[in-house]
Amino acid sequence: MTAAVDRARELPRPAPGWLARVDMGKLLAHLSLLLLVALWTFPTAGLLISSLRDKDQLAVSGWWTALTTSVTQGVTRVGTAEMQIEEGGRFVIRGNLFGTDTNKAIESFGLSNAAPAAAAAGQSLPMADGGAITVAADGGFEWVSDAAFTHTRGPRVFYVANIAPRFTVDNYIEVLTAAGVGRSFINSFTVTIPATIIPILMAAFAAYALAWMRFPFRGPIVALVVGLLVVPLQMSLIPLLSLYNGIANAFGAEDGKTYLGIWLAHTAFGLPLAIYLLRNYMAGLPKEIMESARIDGASHFKIFTGMVLPLSFPALASFSIFQFLWVWNDLLVAMVFLGAQESKLVLTGKLVSLLGSRGNNWEILTAGAFITIVVPLIVFFSLQRYFVRGLLSGSVK
Amino acid sequence: MSDIVQQVVGAVFAIAIALGGAVAYFWGSNWLLDKVLGTGTRMSGREITRRDNLRSRIRPWLFLLPALLFLSVYLIYPVIETFRLSLFDKTGRTFIGFSNYFWALGDGNFQRSIVNNIVWLIVVPSFATAFGLVIAVLADRLWWGNIAKSLVFMPMAISFVGASVIWKFVYDYRAEGAEQIGLLNAVVTGLGLPPQAWITIPFWNSILLMVILIWIQTGFAMVILSAALRGIPEETLEAARIDGANDFQIFFGIMIPQIRGTIVVVWTTITIVVLKVFDIIFAMTNGQWDTEVLANLMFKWMFVNFDYGRGSTIAVIIMLAVLPIMIWNIRRANAEEGTR
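Quick mapping for you: the protein sequence lines, in order, are chains A and B. For the first sequence, the positions run 6 to 402 when the numbering used here is used. For the second sequence, the positions run 197 to 536 when the numbering used here is used.
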């Protein structure tokens, strides 16, 4: 599917006009692939763009309109009589409908829900409590009356405002601090890094034994590892949970939900893949090197630490990436073995809890989701080569 | 704040202990073996041979011991224990035979889960494999194919929960008349149709949840199939072209048969992912609006109702569904072992 074939196909063709020279098949291929890539990237792009938008805009317009001005409706209570000041014999109440927001511009305003467009920016409307109100485009209002105000409840002013496109990292700041995602970020690292490192040496030694040592039951053990590769996690949860709780009770702790517990669980759940990947790789190392080393009198331990381990770096890297992504992205194991306590939630658990409690606050959800996926994406794009190589050796044999 | 410091110090400590422990164990146990069963010049030839044999018989087990210990405690024992628990009641003390299984057969939620799981098993692997194959074929012909592949592959790195939020945003619903901020409803209203609360409409909501998993798994299928396609000998394709075969004939007549084995591997791998799918349903609907699947149902019985008997029963049923693939994998591995 390559240049050679294309050339073979193009050779006998005459070359009349430029239109005829456009390869229709190729054009169709370009367009189809473009469409598919768009389908695959738009959802993520939408999330990223939305997380950077102003939260008021995000709530009223699609992310694809992020660069255009959007329209919002709002309502604000203007001040009570207490806020009036006397100026040259007249009474004035001033303020801003937007509070401290500066990215909005009044299009029109009104005094009832049904008529938010009764007057344009800069115009005045008579008020029920006396006098008239003028609202400027920047939201600043001036309510002026000849008689002193006496009302105790500020009347409501309804408005239609334009929001200029605005990008901000406010959502991220709020999510990381107020929403507690920052804490979960640290928790995720606490779980992931030991759970990625601990299984590696254990699996490497086992893989070497299964690849290069001769002993009874080697075949059945390999078969066992292959079988365990696909055992559903669900089979392990209940017995392990009981076991953990039993151990916790014996030590007088209230429950068995500890970081140590989840590290060991992830270690064990990652072992079958680790052993399988590493064994496949080690078994493919040249036999001659091993044999000559053996003849020179090197022990298995020396061969393993001195030769096999350094040579297996690509496979070790592949597994580390798999395990890192799997642990970082895991929800089930974290919920079962670490629990739903706020201070122990990892990012995936935190995101689920935000979906429940802040389900309509898309500025929180989009920024929170992006924080949970950014680390895997960095790992993925920087180490894609090893990731692909691992996938290939893990499934195609 | 101090508990965060404590937590981070704990993690660093754990890494140090694990690495130090592993080095100490492997080095120490091997040293001990060589010391205890070492050979000296004053020994008889027979004694030396005996000790050499003994050492080489023990050493593999020293290498394997930690891994086997972990596999036994965390996977083998629980599998057996879960089978046992599925024959017991809620508390795990009273033996009730197959009552849990009979209960499952008659339970509405269970039946719905089974039906949904079957639809998932048909839809997700087939679409993910088909899309993966098409993208692999297209990308390998075009100069920007590698960039395209990278982008399609990217969702593989995203957690199921993260993907759920991404798609929940796509499926977002605003009442008719309001401006839609979800991509799907924006397209629908753009075509002049009324917007829908997609996640609450039975059947279609399940399909939309499946879309999430297809979106994630297509990259996997694409990478594996792309590698297999490159393995097809150049001459085979060229010969077909010279014989006048067009692109479609080459695709269906030559490429697909050549990589059939790989397609099966991709299909079964995705099948296993589908059988275990939990996060997407848990995050999107938690089984409401008829979207229940086995893994989420199992979680409910275990963690909401605290009925370990029924929870185990559902786990065993997932396990039974995986079993044929497991056996097939083992046989394949054994066959390979034989050719080595």
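We treat Cβ as the ideally placed atom computed from N, Cα and C, and that holds for glycine.
Residue i - partner residues in DSSP beta bridges
i      : result
G115/A : F163/A
A120/A : S117/A
F291/B : F284/B
T77/A  : A166/A
W45/A  : Per DSSP, none; premise fails for W45/A.
I90/A  : V97/A
L130/A : I138/A
F146/A : G100/A and V140/A
R82/A  : R161/A
F172/A : R58/A
K109/A : I168/A
P125/A : Residue identity check: residue 125/A is Ala in the sequence provided, not Pro. A125/A pairs with S113/A.
Boundaries of the alpha helix (DSSP H) in which residue i is found, first to last residue
i      : result
G275/A : Y264 to A288
L206/A : V186 to W217
W299/B : S295 to G302
P381/A : W367 to S387
W339/B : Where W339/B is concerned, there is no enclosing alpha helix (DSSP H), given that its DSSP letter is neither H nor E.
W68/A  : Looking at the DSSP string, W68/A is not in any alpha helix (DSSP H), and its letter there is neither H nor E.
M350/B : No alpha helix (DSSP H) contains M350/B, which DSSP labels as neither H nor E.
F502/B : Taken as a continuous stretch (DSSP letters only), F502/B belongs to no alpha helix (DSSP H), as it is neither H nor E.
I252/A : Q239 to A255
S362/A : L352 to S362
R223/A : R223 to L233
Span of the beta strand (DSSP E), counted from its first residue to its last, around residue i
i      : result
I138/A : A137 to V140
L389/B : Counting along the chain, L389/B falls outside any beta strand (DSSP E), and DSSP gives it neither H nor E.
I98/A  : R95 to N101
Distance cut-off 7 Å: residue i Cβ against heavy atoms of the ligand MN
i      : result
M418/B : Annotation note on the ligand MN: not contained in the displayed structure, which lists no ligands.
Backbone CA spacing between residue i and residue j [nearest angstrom]
i      : j      : result
L350/A : V196/A : 10 Å
A424/B : R299/A : 36 Å
G94/A  : L389/B : 59 Å
V4/A   : G427/B : The requested residue 4/A does not occur in the structure, where chain A is confined to residues 6 to 402.
I513/B : E532/B : 30 Å
M515/B : D248/B : 44 Å
E368/A : S66/A  : 12 Å
I98/A  : L405/B : 54 Å
I362/B : L102/A : 34 Å
P244/A : G261/A : 13 Å
A169/A : D335/A : 39 Å
L38/A  : T325/B : 16 Å
A300/B : G507/B : 10 Å
F209/B : Q203/B : 10 Å
S69/A  : F342/A : The displayed chain sequence assigns Trp, not Ser, to residue 69/A. One C-alpha to the other measures close to 40 Å.
D336/B : N482/B : 40 Å
P277/A : P204/A : 10 Å
L264/B : N305/B : 38 Å
F256/A : L181/A : 35 Å
N458/B : G354/A : The sequence as given places Thr at residue 458/B; Asn does not occur at that position. So the alpha carbons of these two residues sit roughly 35 Å apart.
T237/B : R219/A : 27 Å
F194/A : Y264/A : 11 Å
A209/A : A353/B : 24 Å
S317/A : L283/A : 8 Å
Should the stretch 323 to 337 of chain A be called in touch with the stretch 343 to 350 of chain B, which here means at least 3 C-beta pairs below 8 Å?
-> No, because fewer than three Cβ pairs between the stretch 323 to 337 of chain A and the stretch 343 to 350 of chain B fall closer than 8 Å, the two stretches do not touch.
The stretch 215 to 228 of chain B contacting the stretch 361 to 373 of chain A, beta-carbon criterion three pairs below 8 Å | With the rule of 3 Cβ pairs closer than 8 Å, the stretch 215 to 228 of chain B does not count as touching the stretch 361 to 373 of chain A.
Segments assigned alpha helix (DSSP H), at least 4 residues, entirely inside the stretch 217 to 259 of chain B | For the stretch 217 to 259 of chain B, not a single whole alpha helix (DSSP H) run of length 4 or above is found.
Cβ-based contacts, 9 Å cut-off: residues of the stretch 305 to 333 of chain B near chain C | Absent from the structure: chain C. Protein chains present are A and B.
Decide if the stretch 263 to 275 of chain B is in contact with the stretch 234 to 253 of chain A; the criterion is three or more beta carbon pairs, one per stretch, under 8 Å apart.
-> Touching, yes, given that three or more Cβ pairs across the two stretches are closer than 8 Å.
Length-filtered (4 minimum) alpha helix (DSSP H) runs lying within the stretch 424 to 474 of chain B = Those alpha helix (DSSP H) runs which fall completely within the stretch 424 to 474 of chain B and span 4+ residues are 430 to 438, 443 to 446 and 456 to 471.
Where are the alpha helix (DSSP H) runs, 4 residues long or more, that stay fully inside the stretch 296 to 345 of chain A, in chain order?
-> 305 to 308, 318 to 334 and 337 to 342, all fully within the stretch 296 to 345 of chain A.
For the 8 Å Cβ check, are there 3 or more pairs between the stretch 110 to 119 of chain A and the stretch 159 to 166 of chain A?
-> Enough Cβ pairs lie closer than 8 Å, so yes.
Is it true that the stretch 484 to 502 of chain B meets the stretch 434 to 452 of chain B, where meeting means three or more beta-carbon pairs spaced less than 8 Å apart?
-> In short, these stretches do not touch, since the Cβ pair count stays below three.
Is the stretch 491 to 498 of chain B close to the stretch 471 to 478 of chain B, with three or more CB pairs under 8 Å?
-> Per the Cβ contact rule, the stretch 491 to 498 of chain B is in contact with the stretch 471 to 478 of chain B (3 or more Cβ pairs under 8 Å).
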